[in-house]
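Report on the following structure.
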Ligand code: ADP
Ligand code: ZN
Ligand code: ZN
């Protein structure tokens, strides 16, 4: 006699990524014949599809078994129970991120899991886990290098690291207190060494401790990965250091994730997505270059990995160490003295390692230079001089292409994009006009499309033109070996192909390149040893931007760029940073000249306080896309009015300001009109409560007949670009 099937009894809440249901931030109910602990990964049916889901904690507001009709519920297809369940703190992190950034928990949870988990059976996962455990056991059984110090491959191996006095002091403070910490250290002050020392100490303190190290863009900083692998690989096994970023293949991502989740990985190095890595024994989170805007996600749940790192540290009782030479004003403000309300401990390393000095900042007053010159004669002379000495220069300009606009010299025609409120950029290399927003690319017309005038001229300049100009002006300059000058351009156009950036960077490192031209891409993080001159061709734009964060970004960009120079004192004792500006006495440049970030931060924070801007207030943006600007703004304004008419939202309106809807700074992209509305409050709690209640209103408003043409809307909490 066949056995009757086991009775299906247990009811589970399962979190799924269900865009169609995104209004339901909660979980869906499924049945199974076994009781699965929360955090178990499962596969469940939804309509015709099968989706990956996570068994979630029962919410008190959710229906109980009795209230649901079992006949309408479907069973869980499979439980991936070979995997240990995701921890309670991981689930709390996901729930918090979802509610704080106003997204569905299912979306956040599933985006944080490697996509390949969807395709594997529990058996396959079990096999993979076994392999990982074996590799880890080998490493644990035979630690080759008993002391967490430099190893053979480490750059510091030949001459073991003797920590500087500042590094020692910082480490002592790190040991003695719980943090969170903000390590404010000059470029080249040895922050990375401090990160590795802190990592070594926490890993040594317990057998299963794990450390998460976040970097803004891992493909720009393979050096960091190499340094960690070299330092810790011999002690804990090469498999103990794993990476996590979007440039990895699905299989690599799965392996890293499993290694972190199972505890086999002791160090996880990753970009912002790594903040959600499942690490059951997390003891330390390091956020390198914490000011970097790429820690904030620009799509989906627009989370800040830096801010979530702070939350996660508190949640899991892990130390958090933020580091930067130019901290975000938020973090700087949080690290004011505790007596004034500061919550982070500020650790300072003002000096560079060795005798390398910070570069001398020189300002070229462009009011006194030949009209419309791109590179001033004194700057050209300085670059030529460096070339003659066998040193490298780096020249950057924040615009790629040849010229940002083409213009007819007769009529008013300009190279506007027909689909965007932006100009198409002239790329001389393939004679195209390209829109950098929608991607439209066309051959440059032979004559003005409006009046037929054959004389259409490039206006302004981009990196392509800069490269051309430098080549022209430096044609007669010779390197010490008598050869002609080598110029390389690095920007999004030259690095489109996989591996292109790496090979171009390698060229710079070997010294094959005399002048490096590029966008801000080259100003970040790279350790170019032979660069002794850095020049910003046209940094003024940001001084008068409508975005209140523009000066902060400019200052940190210039300071980071300056930090690329003079890192090797055997090449030069005194490197230089050149600024071409029409406003040489601007306070921002004065502060930069003194390398005085604190002075700059103090004056910026004062302005922000007077204007009640972050970090003295809290903001959210609601953005809407529609066929017309009128419809996009109309939707936002309607939702704003509706908020006043509902008790739960109206009550909170006394504590916050809803500004009228306005077009976004680029109002139209690819024929989609975009508008935004700013919500501001002195109280983070009030803002949060309002947004949560207002979500409903926005959903309802969106379905009104007059909002038919609204295609999308999204909330951005703590937005970086306004
Ligand atoms: P930062 O991250 O602060 O810009 P790094 O950590 O990259 O600086 O350090 C700059 C350079 O100084 C690196 O080449 C590093 O190996 C070296 N360095 C760091 N600490 C020491 C030390 N205590 N002694 C000698 N060299 C050091
Ligand atoms: Zn014309
Ligand atoms: Zn366009």
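In the numbering used here, the protein residues as written are 1140 to 1861.
Note that beta-carbon positions come from the ideal geometry of N, C-alpha and C, so glycine has one too.
Source: prediction; values computed, not measured.
- The DSSP-derived three-state label of residue 1429 is coil.
- Using a 10 angstroms sphere on the CB of residue 1189, the tally of other CB atoms stays under 16, which defines it as exposed.
- Counting the other Cβ atoms within 10 Å of the Cβ of residue 1337 gives 16 or more, which makes it buried.
- The beta-carbon distance between residue 1795 and residue 1818, rounded to whole angstroms, is 6 Å. This is short enough to meet the 8 Å contact definition.
- A check of alpha carbon separations from residue 1153 across 1516, 1181, 1458 identifies 1181 as the nearest.
- Assignment of residue 1734 by DSSP, reduced to helix, strand and coil, places it in the coil class.
- Assigned with DSSP and collapsed to three states, residue 1832 falls in helix.
- Exclusion of the five residues before and after residue 1788 leaves 1782, 1829, 1832, 1833, 1836 as the residues of its chain whose Cβ lies within less than 7 Å of its Cβ.
- Only residues of its own chain outside the window of five on either side were considered, and among them 1592, 1593, 1595 have a CB closer than 8 Å to the CB of residue 1586, listed in chain order.
- A direct Cα-Cα distance of roughly 46 Å separates residue 1395 from residue 1726.
- Contact residues of ligand 2 (beta-carbon closer than 5 Å to any heavy atom; chain order) are 1547, 1549, 1550, 1552, 1587, 1589, 1590, 1592.
- At a threshold of 8 Å, residue 1255 does not count as near ligand 1, since its beta carbon sits no closer than that to any of the ligand's heavy atoms.
- Annotation: residue 1307 is outside any beta strand (DSSP E); the continuous alpha helix (DSSP H) that includes it extends over 1304-1315.
- At a Cβ-Cβ threshold of 9 Å, residue 1434 and residue 1319 do not count as neighbours.
- Between the C-alpha atoms of residue 1672 and residue 1721 there is a straight-line separation of about 20 Å.
- Of the other Cβ atoms in all chains shown, fewer than 16 fall within 10 Å of the Cβ of residue 1511; this residue is therefore exposed.
- Residue 1643 sits buried, since 16 or more C-beta atoms from the chains shown fall within 10 Å of its C-beta.
- Of the candidates 1172, 1655, 1785, 1309, 1655 places its Cα closest to the Cα of residue 1531.
- Remark: C-beta atoms of residue 1600 and residue 1645 do not approach each other more closely than 9 Å.
- Checking the DSSP bridge columns, you'll see residue 1808 partnered with 1811.
- Residues 1601 of the same chain have their beta carbon placed closer than 6 Å to that of residue 1538, with the five preceding and five following residues left out of the count.
- Per DSSP, residue 1450 is one residue of the alpha helix (DSSP H) stretching across 1444-1455.
- In the DSSP assignment, residue 1324 forms a beta bridge with 1488.
- In the DSSP assignment, residue 1222 falls outside any alpha helix (DSSP H), carrying neither H nor E.
- With a cut-off of 8 Å, the C-beta of residue 1464 is classified as near ligand 1, since at least one heavy atom of the ligand falls inside that distance.
- For the pair residue 1439 and residue 1420, the CB atoms are not nearer than the 9 Å cut-off.
- Under the criterion of beta carbons closer than 8 Å, residue 1526 and residue 1624 qualify as touching, at roughly 6 Å.
- Per DSSP, residue 1772 is one residue of the alpha helix (DSSP H) stretching across 1768-1783.
- Note: residue 1477 is not bridge-paired with any residue in the DSSP secondary-structure output.
- Look at residue 1262 here: in three-state DSSP terms it is helix.
- Under DSSP, the beta-bridge partners assigned to residue 1853 are 1762.
- Proximity of the beta carbon of residue 1806 to ligand 3 is not indicated: no heavy atom of the ligand is located closer than 8 Å.
- Taking C-beta atoms as the reference points, residue 1728 and residue 1502 count as a pair closer than 9 Å.
- By the neighbour-count definition (other C-beta atoms within 10 Å, threshold 16), residue 1422 is a buried residue.
- In the structure shown, the three-state DSSP call for residue 1792 is helix.
- Taking 8 Å as the cut-off, one finds no heavy atom of ligand 3 near enough to the beta carbon of residue 1545.
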